[in-house]
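Working notes, structure below.
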Amino acid sequence: MIIGGVSGTEPAGSTAERPLLLGGYAAKTCPRAVHNRHDRTVPRQFGPVAPELQQLFDLGNTFESEVLGAWAGLNLPGYADLSDLDDDKPMHIGATIGAMRAGASVIVGGRLPDDLPGHRTGKPDLLIRAAEGGYHPADIKAHRVLTKGLDARVSPLHAPSLAAAVRLEDAREHADERDLIQLAHYWRMLAACGHQAAEPWGAIVGTDGAQLVWYDLRLPRFITFSRTSGKAKRSALERYDHEHDFRVRVAAVARQRRGRPDDPEPLVEPVGHAECTTCEWAPVCVDELPPADLSGELRGALSVREYLALRESGIRTIEGLASSDPDDLLAGAYGREVGHLPQRRHRLRKAAVSAQLARDGLLLRIKDGPLPVVPRADVEIDIDAEWGADDRVYLWGLLVTSGGASRYEAFFEPAVTDEARLTEQCLARLDTLAVEAEEQGRSLLVYHYTHPERTRAARFTPVPRGAAQPERWVDLHRLVKDGVESRAGLGLKVIAVHGAGFHWRDDDPGGRQSQDWHRAAREGDRQAARRLLDYNEDDVRANLAVRDWLTASYR
């Protein structure tokens, strides 16, 4: 993914005499994309931003605006917003340096001086002043940054410094490597201009609440490959330094290319992986790989390192992996190159199955051997929830099937954002249905697809009685996983469409789209509200279609 991914690099087509500068995203994105941006022999054929990527941008921008709006409303002393200066780089840098020298407590939307020796440029979302002087970098991310555990260090927006942070007894900071690599980039820039705090800590404001979650960038957190020991645990700063230095070398070689016979060879070649699906360089990069190329056909099935290790082992094509023995590969050079990766055996086996399916022209198939039994009942209830960027449920949908007939029930009020109220209403209805079935001597089962519905429902009380208790719900995804092989994943839409032959009424259904419809519905758009309800109803009807297909297929 390169759109927004190497912000701050010199514009495409610039001369080699311009300083080589990489932005805060470069070290955490595809190195081939960095090469493409700096190699003037690579064609520029950019189309519109991929819709799913634009939705991510919009979601991130909306969340950032909400956080900054709430922060500005606190009227903190020393709060400096410099985001309006973005169009004038020298003035922007000067204002940021001035704010730091003046001791601003929070600097929003600043721009740090270019670090020419370090080949860095960047605009951190936030700079937070340390109690002893200097600044910590901070970013705003539209995802959760806390997880189960304890000892996370958190400070509120009204007292944002690290010195004011308290340790939580019921949460641990989630260390997203990409987030921390970006913070490390800004820390190196602060150090280069002499405005760093005494210790390299950074913070993330996530969707967990109006607070900063703090990270020690020196703490070894990430398991990586080691040529000497197989694997090693490294800090965010170590990971950043390695990735940034490599991309500087990649860009430096790319800038030397002129389309001449004596041009240096690129340091990285195209490899298909998950980022390619939304990358603006895909048309002139991975899309031009040979049709049978393994990584191009199975993008996202394996990581770049795994694909490169397979290439080193002589496996570059679908047929090559489809006819290989994963155990033999893991016992050889391939296994040594990926020994630090979790679930490497499982991932390689899945990729081998995907290669076999691609070779045979199939998207999915029923597994050979014993297949699970699909539990059925007199009364069957399919359940599905929709939630927003704040991670709170705003709609619960039920499909109640009995005697061959199905009816859809929704717990949704566009203007209501009270997750507890809607969830309790849904659970109460499940309780009523369970009691009625028991009184009538009829069996009842509740079905969901993957864990979110059960996990979210379990947060609230009272829980329904009997078979409607969340811990007794049947996860259809587990039944699919035990009996279906797929090269497009095992998501509900893949299985429902390509296995059960079900189709959603909406042309472009998806969780992110539903969040857009919900925002419109809250503003009074009745058509968006209807579209959201239809989408949720189709989700639960897809559950039923999958269950019927599994029952017939697993015989």
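Numbered per the working numbering, the sequence shown finishes at 1068, counting up by one with no gaps. Every residue, glycine too, gets a C-beta built ideally from N, C-alpha and C. Owing to the predicted nature of the structure, the values given are computational and were not obtained by experimental measurement.
- The C-beta separation of leucine 989 from valine 1059 comes to about 6 Å, placing the pair in contact by the 8 Å criterion.
- Pairing lysine 602 with leucine 533, the inter-Cα distance amounts to about 17 Å.
- Fewer than three pairs of CB atoms, one per stretch, sit closer than 8 Å, so the segment 872-888 makes no contact with the segment 924-937.
- Within the segment 879-951, the beta strand (DSSP E) runs of at least 3 residues that lie entirely inside it are, in chain order, 892-900, 906-915 and 918-924.
- For the 8 Å CB-CB criterion, valine 726 and alanine 665 form a contact.
- Just so you know, the alpha carbons of glutamate 577 and proline 796 end up roughly 31 Å apart.
- Look at glutamine 869 here: in three-state DSSP terms it is helix.
- Taking C-beta atoms as the reference points, glycine 573 and proline 650 fail to come closer than 8 Å.
- Within the same chain, and ignoring the five residues on either side of aspartate 729 in sequence, the residues whose Cβ sits closer than 7 Å to its Cβ are Trp714.
- With respect to the C-alpha of arginine 557, the residue from Ser919, Ala546 and Phe973 having the closest C-alpha is Ala546.
- Per the C-alpha coordinates, the member of Arg731, Gly586 and Leu750 positioned closest to alanine 723 is Gly586.
- The DSSP-derived three-state label of valine 718 is strand.
- The secondary-structure analysis by DSSP pairs glutamine 856 with nothing; it has no beta-bridge partner.
- Between threonine 554 and histidine 1031, the alpha-carbon positions lie close to 45 Å from each other.
- Residues Ile831, Leu834 and Ala835 of the same chain have their beta carbon placed closer than 6 Å to that of alanine 868, with the five preceding and five following residues left out of the count.
- Between threonine 790 and alanine 1009, the alpha-carbon positions lie close to 22 Å from each other.
- With fewer than 16 other Cβ atoms inside 10 Å of its own Cβ, isoleucine 736 counts as exposed.
- In the DSSP assignment, leucine 681 is bridged to no other residue.
- Around the beta carbon of glutamine 953, a 10 Å sphere encloses fewer than 16 other beta carbons of the protein chains shown; the residue is thus reported as exposed.
- Excluding the 5 residues flanking it on each side, alanine 684 has same chain C-beta neighbours closer than 6 Å at Leu659 and Ala665, in chain order.
- Annotation: isoleucine 736 is outside any alpha helix (DSSP H); the continuous beta strand (DSSP E) that includes it extends over 735-739.
- Per the coordinates, the alpha-carbon of alanine 1055 lies some 13 Å from the alpha-carbon of leucine 1003.
- Methionine 613 and histidine 755 have their alpha carbons spaced roughly 29 Å apart.
- In the three-state reduction of the DSSP assignment, leucine 750 falls in the helix class.
- In this structure, the straight-line span from the alpha carbon of leucine 569 to that of aspartate 904 is close to 15 Å.
- Each residue's CA atom was taken as its position, placing glutamine 1040 and glutamine 982 some 34 Å apart.
- For alanine 765, the secondary structure class from DSSP, reduced to helix, strand or coil, is helix.
- In the three-state reduction of the DSSP assignment, threonine 660 falls in the strand class, which pools E and B.
- Residue state for alanine 617 is assigned as coil, using DSSP reduced to three classes.
- Going by beta carbons, histidine 786 and glycine 813 fall inside the 8 Å limit.
- Here glycine 662 has Arg685 as same chain residues with Cβ atoms under 6 Å from its own Cβ, once five neighbours each way along the sequence are excluded.
- Sixteen is the threshold: when 16 or more other Cβ atoms of the shown chains lie within 10 Å of the Cβ of alanine 593, as they do, the residue is buried.
- Rounded to whole angstroms, alanine 805 and lysine 1006 show a C-alpha spacing of 26 Å.
- In the assembly as shown, phenylalanine 1015 is a buried residue. Its beta-carbon has 16 or more other beta-carbons within 10 Å.
- In the same chain as leucine 821, and ignoring 5 residues on each side of it, the C-beta atoms closer than 7 Å to its own belong to Val784, in chain order.
- By the 16-neighbour rule on beta-carbons within 10 angstroms, aspartate 931 is exposed.
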